Amino acid sequence: MYALTELFPAAAVEAREKSAFEGPGDLVGAPLPGVLAKPDADGELLLAGAAARDRYLGEEPDAWVRTGDRARLDGAGRIVLEGRCKDMVLRRAENIYPGLYEPALHVPGVELAVLVGVPAGDGDERLVAVVQPGRGVREPALRAGLSGPLRRMGSARPDALLFARIPLAGRSRKPDRAATAALAARRLGGSA
């Protein structure tokens, strides 16, 4: 089930269909009856329907709910999530979505890896791979293991590779991207 507070429920998929999905992204299923779905020009998923909120406090009515999720509709009209919009890094007028590239950084010996944007001073961002080595893993071995995946990232290849302990946030213990970006900025001599 895919749902938001602003539109509950929005889409659904059977477990067998989800597990059979082999494309990139996270299949969340077809929009439920009465729900309309479309990505905007930046790839953010917009939803509309009778069960959608009418407006936010102090704002004008809007038929479309901005989900904050990047998504596409596949050939069957099903919603496939591709990450969160706020995780996007803008470098040289290109939108880079870390969630699409981070899995490639998880080579043997890597405990955790994230891509973050660090201000470059000219209004642009530097893309930085921050990698947390596993216990007892040496940096040269990780550099060697990461060289192939980094080369294959094409235009999303990071400007810098740092080895550090990645800060975690809250009870979820997920990577704290803002704190990781600040750490990377300090290490690279910039600011965040």
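Using my numbering, the first residue of the sequence shown is number 6, and each one after it goes up by one.
We treat Cβ as the ideally placed atom computed from N, Cα and C, and that holds for glycine.
Predicted model, so just to flag it, every value in this text is computed and none were measured.
- For A35, the enclosing beta strand (DSSP E) begins and ends at 31 to 36.
- If you check the CB distance, I84 and G34 come in under 9 Å.
- Annotation: L50 to Y61 spans about 18 Å, alpha carbon to alpha carbon.
- The C-beta distance from D129 to R96 rounds to 6 Å, short enough to meet the 8 Å contact threshold.
- When DSSP assignments are scanned along the segment 34 to 111, the uninterrupted stretches of beta strand (DSSP E) that are 3 or more residues long and fall wholly within it turn out to be 40 to 44, 49 to 54, 70 to 78, 84 to 89, 94 to 96, 99 to 101.
- Approximately 6 Å separates the beta-carbon atoms of L193 and V123; this is inside 8 Å, confirming the contact.
- Look at the beta carbons and you see the segment 174 to 186 not touching the segment 140 to 156: under three pairs across the two are nearer than 8 Å.
- Here the alpha carbons of A55 and V40 stand approximately 7 Å from one another.
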